[in-house]
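Chemist:
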Amino acid sequence: MLRDKNGNIITDVAGKILKPITPPDIEWEINSNTFPPQGQATPYFRLQTKSGSNTVYFDYGDGSPIASIPFTTAVTSIPTYVYPSGVAARTVKMWFADNNNVSSLNVARQNFIGKFPENLLFYRINTIAFSNLIFDDFPLGLGGGIFPVLTLISITRNVINYIPNWITNSRVSVLQISGLNLADKTTNRLDKLIKIPNLAHLGLGSSAITTASLPTNFKNIEPLRTLGFNFNPVTTISQEINDCKQITRLSWGYDTTVNWTSSGNSVPITDWGVGIGGMNLNSFVICGNTSGQLTTTPPKGIEDCPTLRTIDYRSSYRANQARMDELVTNFYNKTVEFATLSNSSAVNGVLRKINFDISWINGASGANNRPSGTYQAPSGFSLGVNNGIPASAMEMLYVLVMHYKWVITIMNTALSGTQILS
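Residue numbers for the sequence shown, in numbering that gives the first Met the number 0: 0 to 421.
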């Protein structure tokens, strides 16, 4: 039965008790000897509740008994069912004891076939995150749904050249899309994202986007606070990006609530374009770029970005001590030129109290260099009065910490982990 916000049972004009509409079962198409269908490295199929406990039911489509699996607010991995009769094409149906108590459905690296499970649009699941599921058919013209967090990363074999209508017709706060071909501004429908109410975080990944692909109306998406690019050849900051004065986080990197945004391994930012001057950024991130080509200069206009507090440069400066030291030197010089010298934490202003991360570790490629020198006061340093004359990159970092209240993350001396200077 339905109840109002005060807990009263809701009836129609004739006094008949109203019952909630039961959404249709969620259907998964497979051609496998297991469900979930696996077939890729480290696959998973996970559920969480909003509160308390719930039960998910599976009809595996082979005449076996209905499976019931409890899940809670803790992440619950769905166990693998092995079909006694081996590989075959089947439709698996899924439903819940309480359709309103599903917080997240997180599925990755599973070899589904056939249609995307369109009936999900009838459910109110807080987070739907699908990655590398390679459906044969991805819906384009459905009605919208309600998904506070919607992540769709490489989930179809089809070539899709625009944002599907059902996404722009949905209510989404956090949207992450990857694996489309959105290069053509005239057809990609990126300008239609403005239709999504309360879109606060937008991550666009692996979709052939360049600055020429971007619409001019991102600046008019008033709720937007995070904008990120992942594995797209967005190699500069264009006017369309700079015009987004409402955003507080601009990122290229594996880090995003939108925490995977990056310019990619082979397509780094090559110049700062119009820069970030005049933007209201709190965070600027370029993270995970393994090409080692990222510029060593601070972002253009950084001195005109007064709310900036986090600069994340966890990109590759490995095997190149000169590049790492040049990076530190350039940021030091910019800070000394524009920031107020004071050892007091009460003093604010541009380029003060910055969280600066220049660490980076990659299991395959190694780690960033540690800035050269010893972390100590430079010659002529006087606390709160004079920066002295730094003779090394580490001495520059000492000054940034002591006189500009930076918190800096670098590699430790063994290059096996990080060290925080504060």
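Positions of the beta carbon are idealized from the N, C-alpha and C atoms, including for glycine.
Round the Cβ separation of T373 and M393 to the nearest angstrom and send it over; I've been treating them as touching at under 8 Å.
Modeler: Going by Cβ atoms, the distance from T373 to M393 rounds to 6 Å, so yes, they are a contact pair.
Chemist: Would you report the Cα separation of L428 and W165, rounded to the nearest angstrom?
Modeler: Here the chain covers residues 0 to 421 and nothing more, so residue 428 does not appear.
Chemist: Taking buried to mean at least 16 other C-beta atoms within 10 Å of its own C-beta, is Q238 buried or exposed?
Modeler: Q238 comes out exposed.
Chemist: Please state the DSSP three-state secondary structure of Y312.
Modeler: Note: Y312 maps to coil in three-state DSSP.
Chemist: Expressed to the nearest angstrom, what Euclidean distance is found between the alpha-carbon atoms of G348 and I124?
Modeler: Between G348 and I124, the C-alpha separation is close to 42 Å.
Chemist: If you drop the 5 nearest sequence neighbours on each side, which residues of the same chain put their C-beta closer than 6 Å to that of I133?
Modeler: Taken in chain order, the residues that qualify are R156.
Chemist: What did DSSP end up calling Y82 once you bin it into helix, strand or coil?
Modeler: Coil, per DSSP.
Chemist: Got a sec: does the ligand PLP put a non-hydrogen atom nearer than 7 Å to the Cβ of P69?
Modeler: Inclusion of the ligand PLP in the displayed structure is not the case, the ligand content being empty and no account of it being possible.
Chemist: Residues in its own chain within less than 7 Å of D190 by CB, not counting five upstream and five downstream?
Modeler: These residues qualify, in order along the chain: P214 and N216.
Chemist: Please state if the CB of N354 and the CB of T309 are separated by a distance shorter than 8 Å.
Modeler: Going by C-beta atoms, T309 is nearer than 8 Å to N354.
Chemist: For A376, which residues from the same chain have a beta carbon less than 7 Å from its beta carbon, with the 5 sequence-adjacent residues on both sides left out?
Modeler: Result list for A376: G387 and Y397, in chain order.
Chemist: For F129, which residues of its own chain have a beta-carbon under 6 Å away from its beta-carbon, when the five flanking residues on both sides are left out?
Modeler: Excluding residues within five positions, the ones whose Cβ falls inside 6 Å are V106, L151 and I154.
Chemist: By Cβ distance, which residues of its chain are closer than 6 Å to K92, with the 5 residues on each side in sequence left out?
Modeler: For K92, where only same-chain residues beyond five positions count, the Cβ hits under 6 Å are D24, E26 and D58.
Chemist: Contact between the segment 60-78 and the segment 112-120: three or more CB pairs below 8 Å?
Modeler: No, the segment 60-78 does not touch the segment 112-120.
Chemist: Given that a residue counts as buried once 16 or more other Cβ atoms are within 10 Å of its Cβ, and exposed if not, what is I127?
Modeler: Classification of I127: buried, given that the 10 Å Cβ count is 16 or more.
Chemist: Please state whether DSSP places D270 in a helix, a strand or coil.
Modeler: Here D270 sits in coil by DSSP.
Chemist: Mapping the DSSP letters down to three states, classify I240 as helix, strand or coil.
Modeler: Helix at I240.
Chemist: Closest to L198 by C-alpha separation, out of G62, G178, A211 and V173, would be which residue?
Modeler: Residue V173 is the option with its Cα nearest to L198.
Chemist: Please report the residue range of the beta strand (DSSP E) in which F217 lies.
Modeler: F217 -> no beta strand (DSSP E), and no H or E assigned at all.
Chemist: Would you grab the beta carbon distance between G202 and I236 for me? Rounded to a whole angstrom, and I think it's under 8 Å.
Modeler: With 8 Å as the limit, G202 and I236 do not qualify as a contact, their Cβ atoms being about 17 Å apart.
Chemist: State the Cα-Cα distance for the pair P389 and P147, rounded to the nearest angstrom.
Modeler: Cα to Cα, P389 sits roughly 49 Å from P147.
Chemist: How would you label L382, buried or exposed, when you count the other beta carbons within 10 angstroms and need 16 or more for buried?
Modeler: When all chains shown are included, L382 counts as exposed.
Chemist: Let me know the beta strand (DSSP E) ranges lying completely inside the segment 344-418, each 3 residues or longer, listed in chain order.
Modeler: Here the runs fully enclosed are 354-356 and 406-410.
Chemist: Going by CA-CA distance only, name the one from R188, F230 and K184 that's closest to A211.
Modeler: A211 has its Cα closest to that of K184, out of R188, F230 and K184.
Chemist: Per DSSP, what kind of secondary structure is K49 in: helix, strand or coil?
Modeler: In this structure, K49 counts as coil in the three-state DSSP scheme.
Chemist: In whole angstroms, what is the alpha-carbon distance linking H402 and L340?
Modeler: Going from the Cα of H402 to the Cα of L340 covers about 6 Å.
Chemist: As a quick exercise: from V284, V335 and P196, pick the residue whose alpha carbon is nearest that of T247.
Modeler: Taking only the C-alpha atoms, the option nearest T247 is V284.
Chemist: Measuring CB to CB, does N100 end up less than 8 Å from T48?
Modeler: Against a cut-off of 8 Å, the Cβ pair of T48 and N100 comes out as a contact.
Chemist: For the beta strand (DSSP E) holding T126, just list the boundary residues, first then last.
Modeler: Where T126 is concerned, the enclosing beta strand (DSSP E) stretches over T126 to S130.
Chemist: Would you kindly report the start and end of the unbroken beta strand (DSSP E) that includes Q109?
Modeler: Here the beta strand (DSSP E) through Q109 covers S103 to Q109.
Chemist: Suppose you measure from the CA of A96 to the CA of V55; what does that come to, to the nearest Å?
Modeler: Those two C-alpha atoms are separated by around 6 Å.
Chemist: What does a CB cutoff of less than 7 Å around D324 pick up in its chain, not counting 5 residues either side in sequence?
Modeler: Counting only Cβ-Cβ distances below 7 Å, and skipping sequence neighbours, we find P370, S371 and A392.
Chemist: Rounded to the nearest angstrom, what separates W359 and L149 at their Cα positions?
Modeler: Approximately 28 Å between the Cα atoms of the pair.
Chemist: Alpha carbon to alpha carbon, what distance is there between Y316 and L249?
Modeler: Straight-line Cα distance between these residues: approximately 21 Å.
Chemist: For L399 and Y331, which I take to be in contact (beta-carbon distance under 8 Å), what is that distance rounded to the nearest angstrom?
Modeler: So it is a contact: roughly 6 Å between Cβ atoms.
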